[in-house]
DNA sequence: TACACTAAGTGCATTGCTGCACTCAGTGCA
DNA sequence: TGCACTGAGTGCAGCAATGCACTTAGTGTA
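Chains as they are written, first to last, in our numbering: chain A, 36 to 247; chain B, 36 to 247.
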């Protein structure tokens, strides 16, 4: 990692300041409360600078999303690395991933992320795309981790496994958002755990055995 | 006073940061301790920027001197404006100025200024020029204030009066520097007051009556 | 319905900062 | 005494931020 010169450092810092300021404003007032002028003032840059870094206000919100996403990925990685390697069967790989998912604090960053979405219509196409993108990132990361641990595993199997899991997680996330408003409190966390358990159990036992 | 745009504001702030940082470094290590690299780091600008603003390191020290000078002038002005106007005789004008001088906290800024000078040789020509310049500024300011208050006063009389006073003050300042190292503490302040009293008394009573 | 206003976004020129390479002067050491 | 090193200062080009004017789209009001 090369040492940044002052220019690169300033550019990076300003980009970050814009993202952070946007997230704060949206958090306080919602998306309609985000204006370029106020964002510039809060980020301590000129308005023109905002558009030097980003094509639109919407893009900044997405960048905030991706940053929060990065937090989840980091957590996943740390927990995954601390999770014992199993036998390499499909079931043991599933259990490893399930363990990682359960052991990772997803609610904190997810709550922050989902609050960046419009509260009125969490299911609209644009925001759905954001959630999908996030899940693709997580999926890739998890698959890479599993393949790293199990050299002999068939990549297709792994990707199907991981894809199914994260697909289920995506549904959970949106369902949880609708149900709890993505607030971060003991009740919403209980709901999250319950929903996660449900999906993990269903996927582990298979859909053919569901709801005996 | 026009509102500065961000560029002008940054330029001003950087210039000031350089001056302040230089004063700090010199205060801690003396003039030989001032290097462009360290100054840049402390002022949080690039080294090249320093020379965008100033022609030399020496010029920065002088700028710091002039800034401290500005503080003295401001104090003088404030105290002078709060001092009652006398009858307009030479004696009363002298007393007004003497009152201003006594009522003004000169030691604080002067201590800071003199510490910017080389501690080894406070009397060398280059630094002497700085002190002279400072006294000329004060002298001009005082003379202007006296003439403002006394429209009927002869400018020559006023300038002789003020010039003699500030000349005497200059000697006091350097003598005080040699004697106390320009440190700012109760002892050095007592020395300052004693020296000032001495000069004021001598000038008020005249040299012919000194040391009865 | 037309107009005025507001705010996002764009184009372009300017500004001050910055990086880099260089010169010069001073210093220390073999 | 010559050389290597260090640090102040200089020249020049590039960079990112900035200012400013403009366009476009959306909204509200008469």
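Cβ coordinates follow ideal geometry from the N, Cα and C atoms, glycine included.
Just so it is clear, the structure is predicted and the values come from calculations on it, not from any experiment.
Would DSSP call residue 59 of chain B helix, strand or coil?
Locating residue 59 of chain B in the second chain gives position 24, where the first residue counts as 1. DSSP places residue 59 of chain B in helix when its eight states are reduced to three.
According to DSSP, simplified to helix, strand and coil, what is residue 53 of chain A?
As a working note, residue 53 of chain A is residue 18 in the first chain. In the structure shown, residue 53 of chain A sits in a helix (DSSP, three-state: H, G or I).
Between residue 81 of chain A and residue 74 of chain B, what straight-line distance do the alpha-carbon atoms span, to the nearest angstrom?
As a position in the first chain, residue 81 of chain A is number 46, starting the count at 1. As a position in the second chain, residue 74 of chain B is number 39, starting the count at 1. Going from the Cα of residue 81 of chain A to the Cα of residue 74 of chain B covers about 28 Å.
For residue 188 of chain B, which residues in the same chain have their Cβ closer than 8 Å to its Cβ, ignoring the five residues on either side in sequence?
As a first step, residue 188 of chain B must be located in the second chain, where it is residue number 153. So the list reads 123, 128, 181 and 182, once near-sequence residues are dropped.
By a C-beta neighbour count over all protein chains shown, 10 Å radius and 16 as the cutoff for buried, is residue 109 of chain A buried or exposed?
The residue labelled residue 109 of chain A in the question sits at position 74 within the first chain. By the neighbour-count rule (16 or more Cβ atoms within 10 Å), residue 109 of chain A is not buried but exposed.
Fully enclosed by the region 55-112 of chain B, which alpha helix (DSSP H) runs are 4 residues long or longer?
Complete alpha helix (DSSP H) runs here, min 4: 71-78 and 82-88.
Put residue 232 of chain A into one of helix, strand or coil per three-state DSSP.
Translated into positions along the first chain, residue 232 of chain A becomes position 197. In the structure shown, residue 232 of chain A sits in a helix (DSSP, three-state: H, G or I).
Between residue 230 of chain A and residue 213 of chain A, which are expected to be in contact by the criterion C-beta below 8 Å, what is the C-beta distance as a whole number of angstroms?
Position 195 of the first chain, counting from 1, holds the residue named residue 230 of chain A. Position 178 of the first chain, counting from 1, holds the residue named residue 213 of chain A. Actually they are not in contact, since the Cβ atoms of residue 230 of chain A and residue 213 of chain A sit about 11 Å apart, beyond 8 Å.
Measure how close the beta-carbons of residue 57 of chain A and residue 69 of chain A come, nearest whole angstrom, since I'm counting them as under 8 Å.
Taking the first residue of the first chain as 1, we reach residue 57 of chain A at position 22. Taking the first residue of the first chain as 1, we reach residue 69 of chain A at position 34. So it is a contact: roughly 6 Å between Cβ atoms.
Look at the alpha carbon of residue 134 of chain A and the alpha carbon of residue 191 of chain A, and state the distance between them as a whole number of angstroms.
Against the first chain, residue 134 of chain A aligns to sequence position 99. Against the first chain, residue 191 of chain A aligns to sequence position 156. Their backbone Cα atoms lie some 21 Å apart in a straight line.
For residue 234 of chain A, collect the residues of the same chain with a Cβ closer than 6 Å to its Cβ; drop the 5 residues on either side in sequence, then sort them by chain order.
For the purposes of this step, residue 234 of chain A is taken as residue 199 along the first chain, with counting starting at 1. Taken in chain order, the residues that qualify are 203 and 207.
When you compare only the Cα positions, how much space is there between residue 177 of chain A and residue 91 of chain A?
Against the first chain, residue 177 of chain A aligns to sequence position 142. Against the first chain, residue 91 of chain A aligns to sequence position 56. So the two alpha carbons sit approximately 31 Å from each other.
Report the option in A:226, A:55 and A:147 whose CA atom is closest to the CA atom of residue 95 of chain A.
Walking along the first chain from the start, residue 95 of chain A turns up at place 60. Of the candidates A:226, A:55 and A:147, the one whose C-alpha sits nearest the C-alpha of residue 95 of chain A is A:55.
Keeping to the same chain, check which residues put their C-beta closer than 6 Å to that of residue 49 of chain B; ignore five residues upstream and five downstream.
Start at 1 with the first residue of the second chain, and residue 49 of chain B comes out as number 14. Excluding sequence neighbours, residue 49 of chain B sits near 80.
Measure the CB-CB distance between residue 150 of chain B and residue 223 of chain B and report whether it falls below 8 Å.
Within the second chain, the letter at position 115 stands for residue 150 of chain B. Within the second chain, the letter at position 188 stands for residue 223 of chain B. Not a contact, by the Cβ cut-off of 8 Å.
Around the Cβ of residue 169 of chain B, are there at least 16 other Cβ atoms within 10 angstroms (buried) or fewer (exposed)?
The sequence position of residue 169 of chain B within the second chain is 134, counting from 1. Label assigned to residue 169 of chain B: buried.
Please state if the CB of residue 238 of chain B and the CB of residue 200 of chain B are separated by a distance shorter than 8 Å.
Reading the second chain from its first residue, position 165 is the one you call residue 200 of chain B. Reading the second chain from its first residue, position 203 is the one you call residue 238 of chain B. A contact, by the Cβ cut-off of 8 Å.
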